[in-house]
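To start, the structure itself, in structure tokens.
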Amino acid sequence: MARSHLDLDSIHDGDCLEWLKGIPDESVDLIVSSPPYNIGKEYESRRALKVYLEEQAEVLSECARVLKSTGSIFWQVGAYANNGSLVPLDVRFFPILEELDLIPRNRIVWIRQHGLHGKNKFSARHETVLWFTKSDEYKFFLDPIRVPQKYQNKKSWRGDNKGELTCNPLGKNPGDIWIFQNVKHNHEEQTVHPAQFPEDLISRIVLCSTEPGDVVMDPYMGTGTVAVVARDNERHYIGAELDAGYHAVALRRLSGEPDAQGVFPNLKTLRDYCQRTGGDPADYRFDVQTARVASGRAKAKRFSEEHHLAQLEERLAIEEAAFGDRIRGLGDGRPDLGRFRANATPSLFDDETV
Ligand SMILES: C[S@@+](CC[C@H](N)C(=O)[O-])C[C@H]1O[C@@H](n2cnc3c(N)ncnc32)[C@H](O)[C@@H]1O
């Protein structure tokens, strides 16, 4: 089939498979996406999963074809639940990607701090991002994504390096456990889409695997998170979105301007616009607004990914120590916050039903 040239910085409104077939070979630097996995209810469930994975294999085969030899695919998936059974989808995607001669680099665990409390099995608290490259000559830049060390100013106290910093002053490798906050109703980036990527998660992926001017693709663009992040980091974007409503929201998000009624697709776009133009946030609205007026960014509380990771680590340590106490007959199994850390955060247990 004749492949057209790349229509850079645009989102196709339609099915991604047909659209992908028109993309030239080896023309994309990074593919990052979360495919839909509300697997067709019209089939018997096992067959539905099989059909879904066959369709995904076709899409991924096109993705592998359009990827440059230095390129990467980051494929984000959760689990498929049916009648109490739970299939972690990355387990099924891994062999599909390997079959395409792609090379696995990381399986990133994306932690979800909140969610439904399981009754018959453990509450699901993570999803995954599979990272595969097309060859061993892939792009990977650590410096733009380093995070602070726990003891950033630690110095060597003996030997030839005495007095010198023992760690990289730019920070450390962030590791393969990520805790970027899920985009929910109280999140600045929330649009009408129920399953948006957080922009920071996509920024980490874009910055570690591409350079300015590179082409970033999302075949399942939703409301355009990947496009916004690529554009904001001087990369080109391309992609597709089947749902006309989400496609329209993505275009409004990219435009950064209010519509004729003064409405933005999310609070972030509204605040960015007011910051740029000196406008008053209270004069505008956004699609999913519940408060009477939109607030400015100065009033927003924001915590870093590091903060959330440290909080989670602390919480798990407390929960497991309390469990240890209980099985040894010490205490009543309730967390003794003071014992584990003098400055333990009481709010760690606030969202639990007791
Ligand atoms: C998990 S969502 C992606 C959300 C996106 N990452 C964001 O941040 O907004 C998957 C999207 O794929 C779209 N979709 C489903 N089937 C599609 C197809 N065949 N071609 C293109 N898009 C499709 C859905 O409408 C949905 O918006």
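Offset between the sequence shown (1-based) and my numbering: plus 1043. Ideal Cβ positions, reconstructed from N, Cα and C, are used throughout, including at glycine. All values reported here derive from a predicted model rather than from experimental measurement.
Helix, strand or coil at residue i according to DSSP, with G and I counted as helix
i	result
Arg1148	strand
Phe1183	coil
Glu1207	coil
Thr1176	strand
Glu1277	coil
Arg1369	helix
Ser1199	coil
His1157	coil
Thr1268	helix
Tyr1316	helix
Ile1222	coil
Ser1104	helix
Gly1398	Nothing can be reported for residue 1398, as the shown portion of the chain is limited to 1044 through 1397.
Lys1227	coil
Phe1165	coil
Lys1311	helix
His1055	strand
Glu1170	strand
Residue i Cβ short of 6 Å to ligand 1 heavy atom set
i	result
Asp1144	no
Leu1310	no
Leu1073	no
Gln1239	yes
Ala1283	yes
Asp1286	yes
Thr1253	no
Thr1113	no
Thr1268	yes
Asp1058	yes
His1350	no
Ser1077	yes
Tyr1263	yes
Tyr1095	no
His1236	yes
Tyr1289	yes
Neighbourhood of residue i by C-beta distance below 7 Å, restricted to the same chain and skipping five residues each side
i	result
Asn1436	This structure leaves residue 1436 out entirely; the chain is present only between 1044 and 1397.
Leu1297	Gly1267, Ala1270, Val1271 and Arg1274
Own chain residues within Cβ distance below 6 Å of residue i, not counting five before or after
i	result
Asp1243	Phe1223
Leu1391	Here Leu1391 scores only 49 on pLDDT, less than 50, and its place in the model is too uncertain to base an answer on.
Ser1077	Gln1119
Val1176	Rather than Val, the amino acid found at residue 1176 in this sequence is Thr. Excluding sequence neighbours, Thr1176 sits near Ser1115, Ile1146 and Arg1148.
Phe1240	Thr1268
Tyr1121	The residue you asked about is not Tyr; residue 1121 is Gly in the sequence shown. These residues qualify, in order along the chain: Glu1170.
Ser1199	Lys1205, Glu1207 and Thr1209
Ser1246	Val1272
Beta-carbon contacts of residue i that lie in its chain and below 8 Å, excluding the five residues immediately before and after
i	result
Tyr1316	Gly1299, Glu1300, Pro1301, Phe1307, Gly1322 and Tyr1327
Ala1159	Rather than Ala, the amino acid found at residue 1159 in this sequence is Leu. Once the five neighbours on either side are set aside, the close Cβ partners of Leu1159 are Ser1166 and Ala1167.
Thr1396	Unreliable positioning characterises Thr1396 in this predicted model, as indicated by a pLDDT of 31, which lies under 50. The coordinate reading is nonetheless provided below. Around Thr1396: His1160.
Gly1305	Asp1326, Tyr1327 and Arg1328
Asp1318	Strictly speaking, residue 1318 in this sequence is Gln, with Asp absent from that position. Cβ neighbours of Gln1318 beyond the five flanking positions: Arg1340.
Arg1189	Asn1211, Leu1213, Gly1214, Lys1215, Asn1216 and Pro1217
Ala1155	Inspection of the sequence shows that residue 1155 is occupied by Arg rather than by Ala. Result list for Arg1155: Ala1167, Arg1168, His1169, Glu1170 and Asn1225, in chain order.
Any chain C beta carbon closer than 7 Å to residue i
i	result
Gly1305	Judged by its chain identifiers, the structure shown contains no chain C, having just a single protein chain.
In the region 1063-1100, which residue ranges form an unbroken beta strand (DSSP E) of at least 3 residues, counting only runs that do not cross its ends?
Fully enclosed beta strand (DSSP E) runs of 3 or longer: 1071-1076.
Continuous beta strand (DSSP E) assignments of at least 3 residues falling wholly in the region 1231-1263
Listed in chain order, the complete beta strand (DSSP E) runs (minimum 3 residues) inside the region 1231-1263 are 1258-1261.
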